[in-house]
Amino acid sequence: MNQKERMLAGLPYKAWLDGLPEERIKNKVKVHAYNLLRPDEEAKMDEMIRSILGKAGANVHIEPPFHCDYGKNTEVGNNFFANFNCIILDVGKVVIGDNVMFAPNVSLYTAGHPVHPDSRNSGYEYGISITIGDNVWIGGNVVVNPGVTIGNNVVIGAGSVVTKDIPDNVIAVGSPCKVVREITEEDRKYYFKDREFDVEDYLPNG
């Protein structure tokens, strides 16, 4: 295995060998150009983000500034929105489902380093994949750590640090992030805490 193959397999690898620095620079040039686009250049933004990401579904929008390592290791589904200052360290694979929203300053970190200083100083690092399901809302200033899977229909509260998997249909908050409660049918009628919708068309096919 070369170092890129090791990286994508979740094995310890060295990031300055086997063409990896050149791949990162090539992507950074694309990301730099993307971040310099005018807000009204929507067609160009769509074209460029699709050239950066490995896969992008319909209706994908990422507000600049945006940063990622390789781009091609990130896949997003339909109706993906990321607000300002999204960072995806996609040394490992990042897979994001449909109908996912990121608030500002969301960071996904597949990359990491050994804990022991001697091991860390050897120059080896790693990338462990992150998976995010469908219908997920991630609040502002959330960090998702390597190896985490976030289930479907999940809300992650602002400022959380997600270090472990989160199951489907829950609200989870904190550092480290923990499930606080299940999302139930009763939640459907509220738009914020105890404030009920005063419209009917929030319902599917309403």
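Residue numbers (the working numbering): -1 to 204. Glycine residues also receive a C-beta, built at the ideal position from the N, C-alpha and C atoms. A quick note: this is a predicted structure, and the numbers were derived from the prediction, not measured.
Legend entry - Member of V168, A109 and Y107 whose CA lies at the smallest distance from the CA of N133: Here residue 133 refers to the residue found at position 135 of the sequence shown. N133 has its Cα closest to that of V168, out of V168, A109 and Y107.
Inset, instruction - Measure how close the beta-carbons of I154 and I136 come, nearest whole angstrom, since I'm counting them as under 8 Å. - result: By 1-based counting over the sequence shown, the position of residue 154 is 156. By 1-based counting over the sequence shown, the position of residue 136 is 138. Rounded, the Cβ-Cβ distance is 5 Å, consistent with contact.
Inset, instruction - Can you give me the start and stop residues for the alpha helix (DSSP H) that S105 sits inside? - result: To locate residue 105, count along the sequence shown from 1; it is residue 107. It is not in any alpha helix (DSSP H) - S105 instead sits in the beta strand (DSSP E) that spans S105 to Y107.
Legend entry - Rounded separation between K70 and E184 - CA only: Start at 1 with the first residue of the sequence shown, and residue 70 comes out as number 72. Start at 1 with the first residue of the sequence shown, and residue 184 comes out as number 186. Their Cα atoms are separated by approximately 40 Å.
Legend entry - Member of N83, F78 and L51 whose CA lies at the smallest distance from the CA of P63: Reading the sequence shown from its first residue, position 65 is the one you call residue 63. That would be N83, whose Cα lies nearest to the Cα of P63.
Inset, instruction - Using three-state DSSP, classify Y124 as helix, strand or coil. - result: As a first step, residue 124 must be located in the sequence shown, where it is residue number 126. In this structure, Y124 counts as strand in the three-state DSSP scheme.
Legend entry - C-beta atoms of G8 and I126 nearer than 7 Å: Locating residue 8 in the sequence shown gives position 10, counting from the first residue. Locating residue 126 in the sequence shown gives position 128, counting from the first residue. Taking the C-beta atoms as reference points, I126 is found nearer than 7 Å to G8.
Inset, instruction - Ignore the nearest five residues each way along the sequence and tell me which others in G204's own chain have a CB closer than 6 Å to its CB. - result: Position 206 of the sequence shown, counted from the first residue, corresponds to residue 204. Only weak support is given to the placement of G204: the predicted model assigns it a pLDDT of 45, under 50, and the question is left unresolved by the model.
Inset, instruction - Can you grab the Cα-Cα spacing for the pair V160 / V171, in whole Å? - result: Taking the sequence shown and counting its residues from 1, one reaches residue 160 at position 162. Taking the sequence shown and counting its residues from 1, one reaches residue 171 at position 173. Going from the Cα of V160 to the Cα of V171 covers about 8 Å.
Inset, instruction - Give the DSSP-derived three-state secondary structure of L9 in the structure shown. - result: Position 11 of the sequence shown, counted from the first residue, corresponds to residue 9. Three-state result, L9: coil.
Inset, instruction - Please go through the region 53 to 122 and give each complete alpha helix (DSSP H) segment of 4 or more residues, from N-terminal end onward. - result: 115 to 119
Legend entry - Where K191 sits in the DSSP three-state scheme: Taking the first residue of the sequence shown as 1, we reach residue 191 at position 193. Reduced to three states, the DSSP call for K191 is coil.
Inset, instruction - Evaluate the contact criterion for the region 113 to 129 versus the region 139 to 148: three or more CB pairs, one atom per stretch, below 8 Å. - result: Contact between the region 113 to 129 and the region 139 to 148 is present: three or more C-beta pairs spanning the two stretches fall below 8 Å.
Inset, instruction - Taking all protein chains shown into account, decide if V178 is buried (16 or more other Cβ within 10 angstroms of its Cβ) or exposed. - result: Counted from its first residue, the sequence shown places residue 178 at position 180. Burial call: exposed.
Legend entry - V159 - DSSP class collapsed to helix/strand/coil: Here the question's residue 159 lines up with position 161 in the sequence shown. The answer is strand: DSSP assigns V159 an E or B state.
Legend entry - Span separating the alpha-carbon of F190 from that of A56: The count along the sequence shown starts at 1 and reaches residue 190 at position 192. The count along the sequence shown starts at 1 and reaches residue 56 at position 58. When rounded, the distance between both Cα atoms is 28 Å.
Legend entry - DSSP three-state assignment for I164, whether helix, strand or coil: In the sequence shown, the residue the question calls residue 164 occupies position 166. Three-state result, I164: strand.
Inset, instruction - Kindly indicate if chain B contains any beta-carbon less than 7 Å away from that of K2. - result: The structure shown has no chain B; it contains just one protein chain.
Inset, instruction - Report yes if the C-beta distance between N76 and D44 is below 7 Å; otherwise report no. - result: Locating residue 76 in the sequence shown gives position 78, where the first residue counts as 1. Locating residue 44 in the sequence shown gives position 46, where the first residue counts as 1. In this structure, D44 does not lie closer than 7 Å to N76 by Cβ.
Legend entry - Buried/exposed call for L201, threshold 16 Cβ in 10 Å: Here residue 201 is taken as the residue at index 203 of the sequence shown, counted from 1. By the 16-neighbour rule on beta-carbons within 10 angstroms, L201 is exposed.
Inset, instruction - Specify the secondary structure class of V232 as computed by DSSP and reduced to three states. - result: The chain is shown only over -1 to 204; residue 232 falls outside these bounds and no answer can be derived.
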